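See below for the structure under consideration.
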Amino acid sequence: MMTNLGTDRVKRGMAEMQKGGVIMDVVNAEQAKIAEEAGAVAVMALERVPADIRAAGGVARMADPTIVEEVMNAVSIPVMAKARIGHIVEARVLEAMGVDYIDESEVLTPADEVYHINKREYTVPFVCGCRDLGEAARRIGEGSSMLRTKGEPGTGNIVEAVRHMREVQSQIRKLIGMSEDEVMTFAKNLGAPYDVLLDIKKNGRLPVVNFAAGGVATPADAALMMQLGADGVFVGSGIFKSDNPEKFAKAVVEATTHYEDYELIGKLSKGLGNAMKGIEISTLAPENRMQERGW
Amino acid sequence: MTKTKIGILGLQGAVREHLQSVIASGAEGVVIKQKEQLDEIDGLILPGGESTTMRRLIDKYDFFDALVAFGKKGKPIFGTCAGLILLAKNIVGSDSAHLQLMDIKVERNAFGRQIASFEADLNVKDVGEGFNAVFIRAPYVVEASDDVDVLATYNGKIVAARQNHYLCSAFHPELTDDHRMASYFVKMVEESKSALATQ
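Those sequence lines, one after another, are chains A and B.
Per the working numbering, residue 4 is the first one in the first sequence, and the count goes up by one each step.
Per the working numbering, residue 1017 is the first one in the second sequence, and the count goes up by one each step.
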């Protein structure tokens, strides 16, 4: 019997199964269990959440494998982990450890300012960030099996994620309405692979799921992103930087499932305590904007 | 007779793909987010996704008893991957199970983590040959009672089965354009609909 590992269908399909769900950043087994118990569809194992990476400064790298292993042993839901942009070896190490998904992430300090990882070469699937359709199509071209908005990680400010989601959706609509004669020029202007755009035009949607990430701080933020067309939500610093992580995590999961049930979201938002404090984007110096990392 | 109506439990997971294959198989499809909607449908699909997440949401929205009652009424249910886990009477390594409607014992993530996920061509009894089966962190059936009809195996492991009006697969038929499995379920639902109508 022919058995094929790591096919596009298997890698993209894994992300399809996460749809409508919330993926939570965790830094240890205890947080991972809280996330699983709250109904997270996956956890992202890392050494520090983005808000703390921002505060600590310096070079942010792949997490200590001990932490990733600890999280993998603690939960039965899928475990993701971050590798630096272009860091082929960090990615291979995570793959060898058996993590279920790798985030080639701008939250970490890039290892390569020119090339992203050639993700087609891997059995493990990758998720990558994007700010517009050009960036989305480039990552798909390199073999990313899942996308997410870049947003502005660790700020608790949803504005950048909204911008990126709206931009991608609007450019997809534009592409669909276009004559095929116009696609090559559109591809040139976006810096996007032509074939990927043609495929998106033909199917009327991206070939992979696109989650929201980078600034989700409340249940209403999660529901907003779903309403703007996100397939699901990543919550980084939002949960474990809030006053009551357990309650908060559950509320975000429910708001993501029932993103059009405003009465419910109102109820969920009551008495959650303080969300993370958050940062106004204009106060961030350009060199501190993580979304500018990668291209 | 009105068009057969099949619901897809829409709490989390690959809902849209099932909806498309149901429609491609000639039935009407509806996404179920509230338990009251179960009264309007003739059959139900429990999609793939994360079984622990779905169970949390089933409990949260008081779906549990309504889903069990739906099955006990004789209405067909098809569970794929996480849906198969929800249907099973027993789960390896766990004291509790979920809906417990099918007499099967299942093992979660039985083929390993994501890097072990695979595609293979299977022969599925009564459904067809050369079926492209997509396994993603898939479970399999470890034990099945005598009246469970095994429809497909992979390396000796049971990966599709039917027991009366319950159908399950460890793989994801909704992820390909081959709608034979969905058509098989639609036929099951049509048969049950006429049988229930004459009662």
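Note that CB positions come from ideal geometry on N, CA and C, so glycine has one too.
Here the structure is a predicted model, which means the values were calculated and not measured.
Exercise. Taking C-beta pairs closer than 9 Å, name the residues in chain A that V1150(B) reaches, listed in chain order.
Key: Taking the first residue of the second sequence as position 1, residue 1150(B) is located at position 134. Residues of chain A passing the Cβ test: T10, R12, V13 and G16.
Self-check item: Chain-ordered chain A contacts of D1222(B) [CB-CB under 8 Å]
Solution: The shown model of chain B, from 1017 to 1215, leaves out residue 1222(B), and the question about it has no answer.
Exercise. Check whether the Cβ of V255(A) lies closer than 7 Å to any heavy atom of the ligand FAD, and answer yes or no.
Key: Absence of the ligand FAD from the depicted structure is noted, as is the absence of any ligand whatsoever, leaving it without description.
Practice problem: Starting from D1119(B), find everything on chain A with Cβ-Cβ shorter than 7 Å and list it in chain order. | Solution: Position 103 of the second sequence, counted from the first residue, corresponds to residue 1119(B). Those do not exist, as D1119(B) stays about 23 Å from chain A at its closest Cβ, beyond 7 Å.
Self-check item: Through-space distance from Q1215(B) to V25(A), alpha-carbon basis
Solution: The sequence position of residue 25(A) within the first sequence is 22, counting from 1. The sequence position of residue 1215(B) within the second sequence is 199, counting from 1. Approximately 44 Å between the Cα atoms of the pair.
Quiz item: Beta-carbon separation of V1140(B) and A1168(B) under 8 Å?
Solution: The residue you call residue 1140(B) lines up with position 124 of the second sequence. The residue you call residue 1168(B) lines up with position 152 of the second sequence. Yes, Cβ-Cβ distance for V1140(B) and A1168(B) is below 8 Å.
Exercise. Would you verify that the beta carbon of G42(A) is, or is not, closer than 8 Å to some beta carbon of chain B?
Key: Here residue 42(A) corresponds to residue number 39 of the first sequence, with the count starting at 1. Yes, G42(A) counts as interfacial toward chain B.
Practice problem: Quick one: residues in its chain with C-beta nearer than 8 Å to the C-beta of I120(A), no 5 flanking neighbours on either side, listed in chain order? | Solution: Residue 120(A) sits at position 117 when you count from the first residue of the first sequence. Excluding residues within five positions, the ones whose Cβ falls inside 8 Å are A86, I88, G89, H90, I91, A94, E107, F129 and E145.
Practice problem: Spatial neighbours of K1019(B) within its chain, please: CB distance less than 6 Å, with the 5 preceding and 5 following residues excluded, ordered by chain position. | Solution: Locating residue 1019(B) in the second sequence gives position 3, counting from the first residue. So the qualifying residues of the chain are E1044.
Exercise. Could you tell me if V219(A) is buried or exposed, where buried requires 16 or more neighbouring beta carbons within 10 angstroms of its beta carbon?
Key: The sequence position of residue 219(A) within the first sequence is 216, counting from 1. Result: buried.
Quiz item: Can you find a C-beta in chain B that's less than 8 Å from the C-beta of V127(A)?
Solution: Sequence index remark: in the first sequence, residue 127(A) carries index 124 (1-based). By this cut-off, V127(A) is an interface position.
Quiz item: Nearest to D203(A) by CA position, among M181(A), N192(A) and A223(A), is which residue?
Solution: As a position in the first sequence, residue 203(A) is number 200, starting the count at 1. It should be noted that the sequence gives Ile, not Asp, for residue 203(A). Out of M181(A), N192(A) and A223(A), M181(A) has the C-alpha closest to the C-alpha of I203(A).
Quiz prompt | Candidates G1144(B), G1095(B) and N1148(B), of which the one nearest V1122(B) by Cα | solution = Taking the first residue of the second sequence as 1, we reach residue 1122(B) at position 106. Checking every option, the nearest Cα to that of V1122(B) belongs to G1095(B).
Practice problem: Determine, using beta carbons only, whether P81(A) comes closer than 8 Å to chain B. | Solution: By one-based count along the first sequence, residue 81(A) stands at place 78. It does: the Cβ of P81(A) has a partner Cβ on chain B nearer than 8 Å.
Quiz prompt | Reference A114(A), options R64(A), C133(A) and R123(A), closest by Cα | solution = Taking the first sequence and counting its residues from 1, one reaches residue 114(A) at position 111. With distances taken between Cα atoms, A114(A) lies closest to R64(A).
Quiz prompt | At least three beta-carbon pairs within less than 8 Å, the stretch 14-33 of chain A to the stretch 46-62 of chain A | solution = yes
Quiz item: When Cβ atoms are compared, which residues of the stretch 101-112 of chain A fall closer than 7 Å to chain B?
Solution: G101, D103 and Y104
Quiz item: Run through DSSP, which three-state label would M5(A) get?
Solution: Position 2 of the first sequence holds residue 5(A). Looking at M5(A) - three-state DSSP - the assignment turns out to be coil, as it is neither helix nor strand.
Self-check item: CA nearest to the CA of E124(A), picked from E98(A), C133(A) and G137(A)
Solution: The residue given as residue 124(A) occupies position 121 in the first sequence. Among E98(A), C133(A) and G137(A), the Cα nearest to that of E124(A) belongs to E98(A).
Quiz item: Going straight from the alpha carbon of A1213(B) to that of Y1182(B), what length do you get?
Solution: By one-based count along the second sequence, residue 1213(B) stands at place 197. By one-based count along the second sequence, residue 1182(B) stands at place 166. Their backbone Cα atoms lie some 19 Å apart in a straight line.
Quiz prompt | Chain-ordered chain B contacts of G24(A) [CB-CB under 9 Å] | solution = By one-based count along the first sequence, residue 24(A) stands at place 21. Those within 9 Å of G24(A) in chain B are Q1028, G1029, G1065, E1066 and T1069.
Quiz item: Ends of the alpha helix (DSSP H) at K36(A)?
Solution: For the purposes of this step, residue 36(A) is taken as residue 33 along the first sequence, with counting starting at 1. Note, K36(A): alpha helix (DSSP H), A32 to A41.
Exercise. Keeping to the same chain, check which residues put their C-beta closer than 8 Å to that of M83(A); ignore five residues upstream and five downstream.
Key: Stepping through the first sequence from its first residue, residue 83(A) is reached at position 80. Excluding residues within five positions, the ones whose Cβ falls inside 8 Å are I26, A45, V46, M47, A48, V102, D103, Y104, I105, D106 and V130.
Practice problem: Go through the stretch 1162-1204 of chain B residue by residue and report every complete run of the beta strand (DSSP E) that reaches 3 residues or more, in order. | Solution: 1165-1170, 1173-1179 and 1182-1185
Quiz item: For the stretch 211-245 of chain A, which segments carrying the beta strand (DSSP E) assignment without a break, of at least 3 residues, lie completely within its bounds, in sequence order?
Solution: 212-214 and 236-238
Exercise. Could you confirm whether any beta carbon from chain B is found closer than 8 Å to the beta carbon of E257(A)?
Key: As a first step, residue 257(A) must be located in the first sequence, where it is residue number 254. Taking Cβ atoms only, chain B reaches closer than 8 Å to E257(A), which makes this a yes.
Quiz item: In the structure shown, what three-state DSSP assignment does M293(A) receive?
Solution: To locate residue 293(A), count along the first sequence from 1; it is residue 290. It is helical.
Quiz item: Do the stretch 151-164 of chain A and the stretch 173-188 of chain A touch if we need at least three Cβ pairs shorter than 8 Å?
Solution: no
Exercise. Taking N7(A) as the query, report the chain B residues whose CB atoms sit under 9 Å from its CB, ordered along the chain.
Key: As a first step, residue 7(A) must be located in the first sequence, where it is residue number 4. Under the 9 Å cutoff, chain B gives F1134, E1135 and A1136.
Exercise. Taking all protein chains shown into account, decide if P81(A) is buried (16 or more other Cβ within 10 angstroms of its Cβ) or exposed.
Key: The count along the first sequence starts at 1 and reaches residue 81(A) at position 78. Counting Cβ neighbours within 10 Å, P81(A) comes out buried, since at least 16 surround it.
Quiz item: Checking contacts by CB at 8 Å: is Y33(A) closer than that to chain B?
Solution: Position 30 of the first sequence holds residue 33(A). In the sequence as presented, Tyr is not what sits at residue 33(A); that position holds Glu. No, E33(A) does not count as interfacial toward chain B.
Quiz item: Whole alpha helix (DSSP H) runs in the stretch 144-207 of chain A with 4 or more residues, listed along the chain?
Solution: 162-180, 186-193 and 197-206
Quiz item: So, helix, strand or coil for R1032(B), using DSSP?
Solution: In the second sequence, the residue the question calls residue 1032(B) occupies position 16. Three-state DSSP puts R1032(B) in a helix.
Self-check item: N-terminal and C-terminal residue of the beta strand (DSSP E) that E98(A) is part of
Solution: Stepping through the first sequence from its first residue, residue 98(A) is reached at position 95. Per DSSP, E98(A) belongs to no beta strand (DSSP E); it is in the alpha helix (DSSP H), I91 to M100.
Quiz item: In chain A, which residues lie with their C-beta within 9 Å of the C-beta of N1106(B)?
Solution: For this step, residue 1106(B) is matched to residue 90 along the second sequence. The premise fails here: N1106(B) is roughly 16 Å from chain A at the closest Cβ pair, so nothing lies under 9 Å.
Quiz item: Thinking C-alpha only, which one of A252(A), P196(A) and R15(A) is nearest P210(A)?
Solution: For the purposes of this step, residue 210(A) is identified with residue 207 of the first sequence, where counting begins at 1. Checking every option, the nearest Cα to that of P210(A) belongs to R15(A).
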